[in-house]
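So my numbering is basically just the index in the sequence shown, starting at one, shifted up by 22.
Notes for the one structure printed next.
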Amino acid sequence: MGERYACFGVGPPAVSGCERQRRAAAGSQAKQNVSMDPTAPVWELYERHAELWRRNRLPGLTLERDWIERFCSQLPLGAPILDVGCGHGQPIAAQLLRDGFGLWGIDRAPSLINTARTTLPGGHFEVFDMTSFDLGRTFAGIVMWHSLFHLTAVEQRRVFPLLGAHAEPGAVLLFTTGPTAGSASGEFGGEVLAHHSLGHDEYVDLLAVEGFTVVDYRESDPDCGNATVWMAERANAGVGRSGVDV
Ligand SMILES: C[S@@+](CC[C@H](N)C(=O)[O-])C[C@H]1O[C@@H](n2cnc3c(N)ncnc32)[C@H](O)[C@@H]1O
């Protein structure tokens, strides 16, 4: 692995992700040094601490607002959007629904999906692993905000053909990663929270294989809690080079 860095900007935005997580962990019942299997999937941690996540990730866009608005401005009114790793749907899926888009959200943590279903009845929410989902349809927009970086490098490489398979020609993709190839440890609910990133050029290549071109990219965007943010657009013609039919 490459360099290590502190945290990729996870967490609600009024304070930096790491600081917010630190505060949340300090206030939670689950105190430091809980010894969990470090190889366990990260979604299990979100499931264990679903209530803490719901309390932290509040309604109303903040630091992500500009990116979400730019993403939406590329899409036709009412277009179908897929939110990959949507959590409980706040604040992003909720805003997209308010803006009149058709919204599907997937997340592997059942408690978060249950909350999304209950509180956002206009959306369609399903429990799926983002490394192996097949929704049998395509979308004009796909957002994957602060979720990809919880997968290992090997798992992340599996996600891009799935994005390609669920993207319409001309689809817009918005997602976050770490700034450079490597791994980092944050903390949530008193537990270690792993983050991983591929390098810039590998993401560009993985996108290109699926017919996506990067249209905007900001490494460690200071206006977005130092998140590294990507917007990509798919060419209007047909099939990703990975061979997955769209
Ligand atoms: C930092 S939260 C971000 C949630 C939401 N996108 C947001 O902006 O608030 C990361 C989310 O990724 C989900 N997640 C982690 N691993 C996953 C996997 N393998 N498949 C689907 N969801 C996963 C977690 O359950 C959690 O809801």
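In this text, a Cβ means the ideal position worked out from N, Cα and C, and glycines have one as well.
Item: Straight-line gap, Thr250 to Pro143 (C-alpha atoms, nearest Å); Value: 31 angstroms
Item: Phe197 - partner residues in DSSP beta bridges; Value: Met166, Trp252
Item: For Leu196 and Trp89, believed in contact at Cβ under 8 angstroms, the rounded distance; Value: 6 angstroms
Item: Assumed close pair Trp20, Gly109 - CB separation to whole angstroms, cut-off 8 angstroms; Value: Since the first residue shown for the chain is 23 and the last is 268, residue 20 is missing from the structure and cannot be characterised.
Item: Own chain residues within Cβ distance below 6 angstroms of Leu118, not counting five before or after; Value: Ile103, Leu125
Item: Opening and closing residue of the alpha helix (DSSP H) in which Gly186 lies; Value: 175-187
Item: Range of the contiguous alpha helix (DSSP H) that encloses Pro244; Value: Where Pro244 is concerned, there is no enclosing alpha helix (DSSP H), given that its DSSP letter is neither H nor E.
Item: Cβ-based neighbour list, Glu190, same chain, cut-off 6 angstroms, excluding 5 preceding and 5 following; Value: Thr160, Ala162
Item: Contact the region 207-226 vs the region 63-81: 3+ CB pairs below 8 angstroms; Value: yes
Item: Residues near Met253 by beta carbon distance below 6 angstroms, same chain, minus five either side; Value: Leu196, Val237, Asp238
Item: Contact set for Val226: own chain, Cβ-Cβ below 7 angstroms, skip 5 residues either direction; Value: Val236
Item: Proximal residues to Phe182 (C-beta, below 6 angstroms), its chain only, five neighbours per side dropped; Value: Leu228, Glu232
Item: Residue interval of the beta strand (DSSP E) (run including Phe147); Value: 146-149
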